[in-house]
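Worksheet for the structure shown next.
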């Protein structure tokens, strides 16, 4: 569906796009060992929680694919060692651990004698994890179509595309599908300080796909809405509370307030797995504080005087009242979210 | 009042802080010729409209100070040549041309025979221009004090300090005077993309003065207001329309909308000369569009894929309804601005 890919499995080789080099260089790496995949994860060749889950699954599949042993117990041992390498690659992305657990569960419960069978099951499960990610993305994109008119002029924040998943992405997936279905789309791309995922990654993806776009600084969205017809803002979501408050990349809340003041619809887009009904409202969502250097340095050079304090929350919380709808892979939730999210999650 | 200075005259030497090197290096240059000052202006050693006016005035004062001629007509010729150099230094800053006109008016109307007298008058006028800037800044700062409580927690956008003027600045001047009077102040500094005047210049100024501060990305102001007690936002102004709409650095409007949503007072700060009663409302204020590269490159390296479009308005317009008060050197205007601004300007 896209003319590039984040991660791909082909005949015992895992290929990854090196995201550290974007947008300056497009470089794909080939890996045939799980330890290489683990290293690529820790060096941030690949990033984005869903993409990391797929990478871990493919890493274990590599171990199964290339194993030379004829004994099931030896293969289990090899898989355990690979799992440990992957678990040490990055500490926080839950998808990574979920994928490892799923595959290791299969290995642990395997009671057959045929090593070829276990190898096949491990590889199969890895493919399944990738396929689920692909389907989830596509469903989200399909449910989102109703909100994207032809000739749509949109604002998008951060990166929610193929680079963060193993498919077309979440909020960006909605945009990409609309474009692929022949709608004329134009996207204003928030550059998304501090890490510039909009400028570096989203702009790169849209360019590859030939989707018309214009990059703006995050502070320019008010000017853009005041002077242009904007049909919608589309953003991802990292965690959705039971009342519809949504945690997402820092700057999302500002964009939502600006959209609200202009009567522009504001959509949060993500999988049902992001809905956390155990969390009552946004106040209970823990917000990661990231290192000062993400703000203080750009391209390894300081933009702030030495010793000056920085405050760098990675996410903010947009209250439910500013969100027009939440688009998921199981359908769309509208206000009041208390009931609509519960139905989506449990229906 | 400050422990650094943007530009200073001392015994026939003009000293300037090289702003291009901030915040990495603090370098002052000495100039004894007007041509050197003109070159420094064109190379952007100094910037900020009020500061450029003072620089041009000092440039002509250097010509008068160091002139070797004993004939009035020769000195007038030398001044004409210096004025031409300054006029070619930068094309748009109106203060630069106003300062040149004031001093050249004195030279043109001088009908005496004593070259020493003309030299004195030119130097005196230059000092007067600098002194007026200083007084204007101080009056603004004094009128602003009523809005700054002790223990104030503030948000400031862009740079409005000593570096943009020849004194303590406008919005930042209010903050600096509050600090100097012993109020405990903390400032959240918007980094102010794309040119990062907040991160590079305001943070540097506050650091020199020992005023507690924290730098944030522009998109984090909503998170900050949601999670901290913020007493006020203070910003500069480039042009004020008759109805109180204010043009200022891009990102100001977003900050105003975020402040409004949180009930945080929002103050525009600038000299009465920024009020333009000939302009009915913000729609009539022309907005400068700046080169793409200001957004696309940071520290000479691209952050956006080659060939991707950028939209880079230098300013935005904040509608009067989001502005709690406009602080000037002749007093404070409150809503309804239609009448209060007229009174300030003509009273």
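Residue numbers (the working numbering), protein chains in the order written: chain S, 99 to 445; chain E, 99 to 445.
Even for Gly, the Cβ is constructed at its ideal location relative to N, Cα and C.
For the pair residue 242 of chain E and residue 196 of chain S, the Cα-to-Cα distance works out to about 56 Å. CA-CA distance, residue 290 of chain E to residue 414 of chain E, rounds to 13 Å. In this chain, the beta strand (DSSP E) harbouring residue 423 of chain E covers 423-426. Across the structure, residue 185 of chain E and residue 194 of chain E are spaced so that their CA atoms are roughly 8 Å apart.
DSSP, reduced to helix, strand and coil, places residue 113 of chain E within a strand of the structure shown. Closer than 9 Å at the C-beta level to chain E, one finds these residues of the region 262-295 of chain S: 286, 287, 288, 289, 290, 291, 292 and 294. Judged by DSSP in its simplified three-state form, residue 366 of chain S adopts strand. In this structure the region 365-383 of chain E does not lie against the region 257-276 of chain S, because fewer than three pairs of beta carbons, one per stretch, are closer than 8 Å. When the beta-carbon positions are compared, residue 287 of chain S and residue 296 of chain S come within less than 8 Å of each other. Under the 8 Å criterion on CB atoms, residue 399 of chain E is classed as interfacial with respect to chain S. Residue 301 of chain E is positioned such that its CB atom lies no closer than 8 Å to that of residue 228 of chain E. For the pair residue 412 of chain S and residue 401 of chain S, the CB atoms are not nearer than the 8 Å cut-off.
Boundaries around residue 347 of chain E are those of the beta strand (DSSP E), 344-347, since no alpha helix (DSSP H) includes it. Inside the region 102-157 of chain E, DSSP marks whole alpha helix (DSSP H) runs of 4 or more residues at positions 132-140, from first to last along the chain. Closest option to residue 255 of chain E, judged by alpha-carbon separation, among E/305, E/435, E/346 and E/261: E/346. Between residue 304 of chain E and residue 117 of chain E, the CB-CB gap reaches or exceeds 8 Å. Here the C-alpha atom of residue 211 of chain E lies approximately 12 Å from the C-alpha atom of residue 172 of chain E. Of all residues in the region 198-217 of chain E, none comes within less than 9 Å of chain S when Cβ atoms are compared.
Under the criterion of beta carbons closer than 8 Å, residue 418 of chain S and residue 343 of chain S qualify as touching, at roughly 5 Å. When DSSP states are grouped into helix, strand and coil, residue 311 of chain E belongs to the strand group.
A contact is defined here as three or more CB-CB pairs under 8 Å, and the region 101-111 of chain E fails this definition with respect to the region 380-395 of chain S. Taking a 10 Å sphere around the C-beta of residue 111 of chain S, we find fewer than 16 other C-beta atoms and assign the residue as exposed. Residue range 250-254 is occupied by the beta strand (DSSP E) that includes residue 251 of chain E.
Below 8 Å, enough C-beta pairs join the region 322-337 of chain S and the region 350-365 of chain S to call them touching: three or more.
In this structure, E/355 is the residue among E/355, E/121 and E/311 with its C-alpha nearest to the C-alpha of residue 317 of chain E. The secondary-structure analysis by DSSP pairs residue 416 of chain S across a beta bridge with S/344. At least one C-beta of chain E is nearer than 8 Å to the C-beta of residue 319 of chain S. Close partners of residue 409 of chain S in chain E (Cβ separation under 8 Å): 286, 312, 313, 314, 318 and 322.
Taking the Cα positions, residue 178 of chain S is about 53 Å away from residue 251 of chain E.
Chain order gives the chain E residues near residue 396 of chain S as 396 and 397, where near means a beta carbon separation below 7 Å.
Nearest to residue 285 of chain S by C-alpha distance, out of S/146, S/278, S/445 and S/270, is S/270. The beta-bridge partner set that DSSP reports for residue 200 of chain S is empty. Sixteen is the threshold: when 16 or more other Cβ atoms of the shown chains lie within 10 Å of the Cβ of residue 217 of chain S, as they do, the residue is buried. Close partners of residue 122 of chain E in chain S (Cβ separation under 7 Å): 400.
DSSP, read as helix, strand or coil, puts residue 284 of chain S in strand. Annotated as proximal: residue 157 of chain S and residue 136 of chain S, with beta-carbon spacing under 8 Å.
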